[in-house]
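Following: one structure in structure tokens, then a few remarks.
Protein chains: 2
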Amino acid sequence: MLYLVGLGLADETDITVKGLEIVKKAERVYLEAYTSILLVDTAKLVCTSKLDPHPLANLLGLKEEFYGRPVIVADREMVESSSDEILHNADRVDVAFLVVGDPFGCVTTSHHTTLTLRVRSGFSTNDIMISFYRATTHTDLVLRARELGIEMRNIPNASIMSAIGCTGLQLYSFGQTVSMVFFTETWKPSSYYDRIKQNAEHGLHTLVLLDIKVKEQSLENMARGRKIYEPPRYMTVAQCAEQMLETEAERKEGICGPESLAIGAARVGAVDQQLVVGTLKELTKVDLGKPLHSLVLLGTKTHELERDYIRRFAVDTATFDHIWKKHYEAKS
Amino acid sequence: MLYLVGLGLADETDITVKGLEIVKKAERVYLEAYTSILLVDTAKLVCTSKLDPHPLANLLGLKEEFYGRPVIVADREMVESSSDEILHNADRVDVAFLVVGDPFGCVTTSHHTTLTLRVRSGFSTNDIMISFYRATTHTDLVLRARELGIEMRNIPNASIMSAIGCTGLQLYSFGQTVSMVFFTETWKPSSYYDRIKQNAEHGLHTLVLLDIKVKEQSLENMARGRKIYEPPRYMTVAQCAEQMLETEAERKEGICGPESLAIGAARVGAVDQQLVVGTLKELTKVDLGKPLHSLVLLGTKTHELERDYIRRFAVDTATFDHIWKKHYEAKS
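Protein sequences appear in the order of chains V and R.
The first sequence: position 103 = 103 (our numbering), numbered continuously.
The second sequence: position 284 = 284 (our numbering), numbered continuously.
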């Protein structure tokens, strides 16, 4: 049996009792280590697999002692190219595949694989980045398991998609979720803007998931085939707000301007969870500390009870009240 | 400290390790018992509170022995009228408030409180049902805690909002979630249809949460002030599909007709989780067994990888392929 086990959002104690029992009994335990991270960074993961200790091990912070089992860190490369190794014998023994959040939850932008090509033409060198849609690798893994006649069971857990309800906003009032990638000088994709616009037309909130870059190679290392990876990068609420204003300045359709209200959320579900409400302009100045961050752009259908709930998180209450009256009140 | 602890979706082992630790240490433990249910019905809950054993206790199936603590079942009445009792002393001691799913997740339609009035006019007696919006009571409880200067911490868990990803559909491709209430002869609200239409315009999927009626009084018992409750009712996928076709027959905008594809999901996260894919007409005939059920109406933007994943759950593969070609293929 292949078990996909959700780990939840904050630390190693967010696994469910059911999930932990499965991990303890499984023949092999893999940890998917590239679509998200847990928020602990003190514990050290001891790898007993043939793989070297993973550079993300500390960040992932899964304590082998806690789970009582050796955990094999599965990076993107391994899951994509060695799925049969992961699934080996899984028709006879139990294999647990651990995923931060919910196994089928929204992964961050990592699943919009970004391919960077350096093109030299004439005198200039340009980076051309191509983002193409692909299924989350977990779905791939399940499809492959099916082909091999291996049964699968899913142990759900918290995902940012529902945990964002901790903002006090009604989940019924969210439209489609979008993701925000790191802009570069030459690549500033704005398709997210169209989707936010579709939500805004009906007054709906939009959850924006922020880019994570883990285990990315520099162009030089990639070209030379050197498996040396750049330090991980996590987009902040301030960076996201900045990029949204940049797109708005270009598109000018009034979807996410300096006076649009948004909520910045950091480390949802952790002891030091932090929420802050303000205009996008205000949010470009906030520092919400360590990753992971998310952002919610407020819809005009925001209910007064939602306003009451979020108001206490305002960067500046006077500004919040002023902007609320000007753009949101009586629009719901 | 007030702890809002999510219990997850299926049974008592879906609580997180962190949540369980809190339950064990808390001075008092309440279980919110009216917006959803766990899927176990064998274990018996022993109430040691001053309240009588609750009629829902068996259904909720929370084993006192498992959590190692007496649990006070808090029904809607208690949470709404006795929140100060729940919060008593919580500035000095720890109080845990357990919620099925995620504490801030979407509750089912129960939070659209339905008020039934029997009106006698002339010769006929009509039931007039009024549905009015209210905040989820958990938000109310947090707001009240704030007023009393009580700190709150939230322990997230799986919610149907993200666990529905187990269908293989991309959560990025869902629009707003809607809820479906039990129609009566005189009350068939169709506002959900407008929201599905908004999603459909952009090719998005819609998650439909199905009505739960627990601890409802008959009109007679309500009028006489007798606290006798009707047996609980849970809407099935077949009933939901039936009602959607009924609304479509009236509205005729081609949003959810007999050839619209949908996924029925039952007992998500449980060992006997069941998924079935078919046209709404086909789904009116399926029996997915015990509660809880949910339904996803497929958007036309459905990706081919999503199709590959869901096809194996088809009621009839030939019909699925035919309808897919006719209405969905190449629309994404």
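C-beta: ideal position from N, C-alpha, C; glycine also.
Item, Value
"Per-residue burial, R:G168 [other beta carbons within 10 Å of its own, 16 or more giving buried]", "buried"
"Alpha-carbon to alpha-carbon, R:R76 and R:A238", "28 angstroms"
"Validate contact between the region 216–233 of chain R and the region 252–264 of chain R using beta carbons, cut 8 angstroms, 3 pairs", "no"
"DSSP-derived helix/strand/coil call for V:L288", "coil"
"Simplified DSSP assignment, three categories, for R:S131", "Since pLDDT at R:S131 reaches only 34, below the 50 mark, its modelled position is unreliable, and the value read off the structure follows with that caveat. Strand, per DSSP."
"Test: R:V17 CB closer than 7 angstroms to a CB of chain V", "yes"
"8 angstroms CB neighbourhood of V:S190 in its chain, flanking five on each side removed", "T247, E250 and R251"
"R:K281 versus R:L245: straight-line alpha-carbon distance, rounded", "8 angstroms"
"Selected residue, minimal CA-CA separation from R:A26, among R:F174, R:I15 and R:D94", "R:D94"
"For R:L295, the three-state DSSP class (helix, strand or coil)", "strand"
"V:T284 classed as buried or exposed, judged by whether at least 16 other C-beta atoms fall within 10 angstroms", "buried"
"V:M78 at chain R interface by Cβ criterion, 7 angstroms", "no"
"V:D94 (DSSP reduced to helix, strand or coil)", "coil"
"Proximity test, Cβ basis, 7 angstroms: V:H111 and chain R", "Because the pLDDT of V:H111 is 34, which lies under 50, any placement of that residue in the model is unreliable, and the number read from its coordinates should be weighed accordingly. So no, V:H111 is outside the interface."
"Helix, strand or coil at V:R28 according to DSSP, with G and I counted as helix", "strand"
"Residue-level contact to chain V via CB, R:A163, 7 angstroms cutoff", "yes"
"V:G271 in three-state terms, based on DSSP", "First, the residue type needs correcting, since residue 271 of chain V is Val and not Gly in the sequence shown. Correct three-state label for V:V271: coil."
"Beta-carbon neighbours of R:F174, restricted to chain V and to distances below 7 angstroms", "Q176"
"Same chain, Cβ closer than 8 angstroms to R:A158, neighbours up to 5 away in sequence not counted", "G6, G8, L9, D14, G101, D102 and G269"
"Beta carbon proximity, V:N157 to chain R, threshold 7 angstroms", "yes"
"Contacts of R:T302 in chain V (Cβ-Cβ under 9 angstroms)", "Residues of chain V passing the Cβ test: none, with the nearest at roughly 13 angstroms."
"Whole-Å CB distance - V:E306 paired with V:Q170, under 8 angstroms assumed", "6 angstroms"
"Sequence-distant residues of its chain with Cβ nearer than 6 angstroms to V:N154 (five each side left out)", "L4 and P103"
"Nearest to V:V273 (by Cα), restricted to the options V:L288, V:V178, V:S81 and V:S162", "A quick correction: the sequence has Gln, not Val, at residue 273 of chain V. For V:Q273, the nearest C-alpha among the options comes from V:L288."
"Whole alpha helix (DSSP H) elements within the region 126–188 of chain R, 4-residue minimum", "137–147 and 160–163"
"Residue environment, R:A223, which counts as buried when at least 16 other CB atoms sit within 10 Å", "exposed"
"Between the CA atoms of V:A74 and V:R226 - distance to the nearest angstrom", "19 angstroms"
"Chain-ordered residues of the region 249–282 of chain R with a beta carbon less than 8 angstroms from chain V", "V268, G269, V271 and Q273"
"Which of helix, strand or coil DSSP assigns to V:I196", "helix"
"Exposure of R:F123, with buried meaning 16 or more beta-carbon neighbours within 10 Å", "Low local confidence applies: a pLDDT of 41 at R:F123 is under 50, so the model's placement there is unreliable, with the coordinate-based value given in what follows. R:F123 comes out exposed."
"Strand pairing of V:K213, partner residues [DSSP]", "V:R233"
"Cβ pair R:G299, R:G203 closer than 7 angstroms", "yes"
"R:F182 beta carbon less than 7 angstroms from that of R:D211", "yes"
"The beta strand (DSSP E) enclosing V:V5, as first and last residue numbers", "L2 to G6"
"For V:G101: DSSP bridge partner residues", "V:G8"
"Chain-ordered neighbours of R:Y192 on chain V, where CB pairs are closer than 8 angstroms", "Within chain V, no residue comes near R:Y192; the closest Cβ sits about 11 angstroms away, beyond 8 angstroms."
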